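Peer 1: Residue numbers (my numbering): 529 to 883. Built from N, CA and C at the ideal position, the CB exists for glycine as well. Here the structure is a predicted model, which means the values were calculated and not measured.
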Amino acid sequence: MELKIALLAGDGIGPEVIREAVKVSNSIAKKFNHKIIWSEGLVGAAAIELTGDPYPQETHKICLNSDAVLFGAVGDPKYDNNPTAKVRPEEGLLRMRKELGLFANIRPTYTFESLLEKSPIKKSIIQGTDLVFVRELTGGIYFGKRGRNKSKDYAFDTCEYTTKEIKRLAKVGFELAMKRSKKLCCIDKANVLETSRLWRQTVQSLEEKYPEVSVSYEFVDAVAMRLIHSPSYYDVLITSNLFGDILTDEASVISGSIGLMPSASVGLETSIYEPIHGSFPQAKGKNIANPLATILSASMMFERSFNLLDESKLIRDLVNDSIVNNIVTEDLSVNGKSYGTNEIGDWIKEKIERG
Ligand code: IPM
Ligand code: MN
């Protein structure tokens with residue numbers, strides 16, 4: 529099969545982790561007789577430097593003409609420390625999500641047996657955790673009206689949602705729940721926010737279409753707590769853009785490292801597969817970044833965009849083997865020994881070739 533994949537490495541550790549995911553994907557393609565055609569595009573600070581635009585039109589075209597997009601990370605301290613910057617790398621990611629209509633961000637959280645001791649949360653609590661967040665990705669406070677007054681001493685951001693936006697996101701959640709344990713949690717702040725009340729009402733109206741799914745409605749503050757003291761209580765969770773952003777970083781603590789967490793952003797146009805972590809500028813060029821979140825994102829890509837289930841599973845199994853064998857970067861090291869970013873990809877590649 530021929531796979532056309534856009535490659536947007538971005539900033540910071542982006543290019544390093546992407547390199548490993550490409551290495552692994554290429555050896556998977558070789559083993560299973562596929563041909564991958566990669567097209568590289570600029571995004572984030574890297575794109576601003578060269579074109580002035582964090583998501584150039586050229587990059588958008590590359591994405592539209594591909595079957596899937598593999599994405600690294602964006603962000604640069606140069607812009608974070610400058611509150612008056614006219615353009616920011618993150619805008620590239622947000623515009624890309626919006627322009628490709630990728631309204632649902634699927635973020636799984638599960639534990640790895642060999643890392644149970646590694647989490648700061650007790651093993652007895654996290655054991656058996658297997659949940660998936662479906663985060664709304666193209667609406668809410670991320671895209672609402674924002675601004676400052678003339679004297680710049682007042683600022684506002686607005687959270688807005690339409691029934692249509694909530695419905696299409698909720699459907700992804702219900703359908704995922706049908707394939708899993710038929711349990712869905714809708715996370716909101718309906719005791720305070722009007723948008724949350726619309727979420728609740730809209731999700732409730734969909735319940736009759738999915739009579740087998742049992743739905744719970746929980747406040748975001750309570751979920752933040754329960755996620756830590758009883759994570760295995762949850763299965764599929766749907767929520768708005770900002771709540772999902774925050775809770776998925778929190779959930780990453782359960783699996784042991786944010787460097788392990790992949791995601792798929794799906795919707796109208798080409799899907800994007802990206803690690804949930806950021807550009808980790810402090811680690812840039814040091815060969816210490818964990819590439820597993822990006823490698824696992826590639827695994828999600830083989831499954832979801834190409835329906836190549838064996839290919840996807842082989843990557844997942846080998847990621848697991850690398851962790852079991854302590855072939856890990858320093859964020860996951862248990863015995864003081866750790867490997868470089870490139871060595872993780874090399875190890876997995878060799879296993880694919882030899883297996
Ligand atoms: C994420 C990131 C982005 C977000 C940033 C980089 C804009 O934190 O993908 O979770 O907030 O969505
Ligand atoms: Mn985030």
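Verify the contact flag: ILE804, CB atom, against every heavy atom of ligand 1, threshold strictly below 7 Å.
Peer 2: Because some heavy atom of ligand 1 lies under 7 Å away, the Cβ of ILE804 counts as near it: yes.
Peer 1: Would GLY806 and ALA549 qualify as a contact pair, given that the criterion is a beta-carbon distance under 8 Å?
Peer 2: No, the Cβ-Cβ distance between GLY806 and ALA549 is not below 8 Å.
Peer 1: Determine whether the beta carbon atoms of LYS710 and VAL741 lie at a separation below 8 Å.
Peer 2: Their beta carbons are under 8 Å apart, which means LYS710 touches VAL741 by this criterion.
Peer 1: Sort out for me which residues DSSP pairs GLY675 with in a bridge.
Peer 2: DSSP, once it has assigned bridges, lists PHE684 as partnering GLY675.
Peer 1: Excluding the 5 residues preceding and the 5 following GLU746 in the sequence, name in chain order all residues of the same chain whose CB lies nearer than 7 Å to its CB.
Peer 2: The residues are CYS713 and ILE715.
Peer 1: Ligand 2 and VAL773: does the residue's C-beta get closer than 7 Å to at least one heavy atom of that ligand?
Peer 2: Here the sequence assigns Asp to residue 773, which means Val is not the residue at that position. ASP773: yes, Cβ under 7 Å from ligand 2.
Peer 1: Should THR798 go down as buried or exposed, given a rule of 16 or more other Cβ atoms within 10 Å for buried?
Peer 2: With 16 or more other Cβ atoms within 10 Å, it is buried.
Peer 1: Beta-carbon within less than 8 Å of ASP777's beta-carbon, same chain only, minus the 5 sequence neighbours each way: which residues are those?
Peer 2: Here the set comprises ILE786 and ILE804.
Peer 1: I believe LYS695 touches LEU734 by the beta-carbon criterion, under 8 Å. Please report the beta-carbon distance rounded to the nearest angstrom.
Peer 2: Right, the Cβ-Cβ distance comes to about 7 Å (below 8 Å), so this counts as a contact.
Peer 1: Determine the contact status of SER833 and PRO790, defining contact as a CB-CB distance below 8 Å.
Peer 2: No. Outside cutoff.
Peer 1: Quick one, are the C-beta atoms of GLY572 and ASP608 less than 8 Å apart?
Peer 2: It is not a contact, given that the beta carbons lie outside the stated cut-off.
Peer 1: Using the Cα positions of LEU628 and TYR801, report the straight-line distance between them to the nearest angstrom.
Peer 2: Whole-angstrom Cα-Cα distance: 13 Å.
Peer 1: Determine which residues share a DSSP beta bridge with TRP727 and list them.
Peer 2: Answer is none; TRP727 lacks a bridge partner.
Peer 1: Using DSSP with H/G/I as helix, E/B as strand and the rest coil, what is ILE800?
Peer 2: ILE800: strand per DSSP, three-state reduction.
Peer 1: Do ILE872 and GLU556 have their beta-carbon atoms positioned less than 8 Å apart in this structure?
Peer 2: Here residue 556 is Ile; the residue named in the question, Glu, does not match the sequence. For ILE556 and ILE872, no; Cβs fall outside 8 Å.
Peer 1: Could you tell me the boundaries of the alpha helix (DSSP H) in which ASN561 lies?
Peer 2: Run containing ASN561: none; DSSP gives neither H nor E here.
Peer 1: What are the residues that DSSP puts in a beta bridge with ASP658?
Peer 2: In DSSP, ASP658 forms a bridge with TYR638.
Peer 1: Using only the alpha-carbon positions, how far apart do ASN904 and GLY784 sit?
Peer 2: Since the first residue of the chain shown is 529 and the last is 883, residue 904 is not available in this structure.
Peer 1: Return the chain-ordered list of same chain residues with a C-beta closer than 7 Å to the C-beta of ARG676, the five sequence neighbours on each side being excluded.
Peer 2: Counting only Cβ-Cβ distances below 7 Å, and skipping sequence neighbours, we find TYR682 and ALA683.
Peer 1: May I ask whether a heavy atom of ligand 4 can be found less than 7 Å away from the beta carbon of ASP581?
Peer 2: Judged by which ligands are present, ligand 4 is missing from the structure shown, whose ligands are ligand 1 and ligand 2.
Peer 1: With C-beta atoms as the reference, is TRP875 less than 8 Å away from ILE851?
Peer 2: The answer is no: Cβ separation not under 8 Å.
Peer 1: For GLY540, which of helix, strand or coil comes out of DSSP?
Peer 2: Correct three-state label for GLY540: coil.
Peer 1: Which residue marks the beginning of the alpha helix (DSSP H) containing THR776, and which one marks its end?
Peer 2: Segment 769-783, the alpha helix (DSSP H) holding THR776.
Peer 1: If we call anything under 8 Å between Cβ atoms a contact, is LEU630 one with THR666?
Peer 2: Yes. Within cutoff.
Peer 1: Tell me whether ASP777 counts as near ligand 2, meaning its Cβ is closer than 7 Å to at least one heavy atom of that ligand.
Peer 2: Yes, the Cβ of ASP777 comes within 7 Å of a heavy atom of ligand 2.
Peer 1: Rounded to whole angstroms, what's the CA-CA distance from THR691 to ALA698? Just pull it up for me.
Peer 2: Spanning the two alpha carbons is a distance of roughly 10 Å.
Peer 1: Given this structure, state the Cα-to-Cα distance separating SER744 from ASN870, to the nearest angstrom.
Peer 2: Cα-Cα distance, rounded: 43 Å.
Peer 1: On a CA-only basis, which of ALA811, PHE830, ASP845 and GLU831 is nearest GLY868? Give me that one, please.
Peer 2: GLY868 has its Cα closest to that of ALA811, out of ALA811, PHE830, ASP845 and GLU831.
Peer 1: Any idea which residues DSSP pairs LYS711 with across the strands?
Peer 2: Beta-bridge pairing links LYS711 to SER742.
Peer 1: Apart from the five residues just before and just after LYS877, which ones in its own chain have a Cβ nearer than 7 Å to its Cβ?
Peer 2: Here the set comprises LYS551, VAL552 and SER555.
Peer 1: Would you say the beta carbon of LEU570 comes nearer than 7 Å to a heavy atom of ligand 1?
Peer 2: Result no, Cβ not under 7 Å from ligand 1.
Peer 1: Out of PRO617, GLN585 and ILE654, point me to the one whose CA is closest to ILE576's CA.
Peer 2: When each option's Cα is compared against that of ILE576, the closest is PRO617.
Peer 1: Can you determine whether any heavy atom of ligand 1 sits closer than 7 Å to the C-beta of GLY668, and answer yes or no?
Peer 2: No, since every heavy atom of ligand 1 falls outside the 7 Å radius drawn around the Cβ of GLY668.
Peer 1: Between which residues of its own chain and ALA821 is the CB-CB distance below 8 Å, once the five residues before and five after are set aside?
Peer 2: Counting only Cβ-Cβ distances below 8 Å, and skipping sequence neighbours, we find VAL545, ILE786, GLY787, LEU788, MET789, PRO790, PRO803, ILE804 and HIS805.
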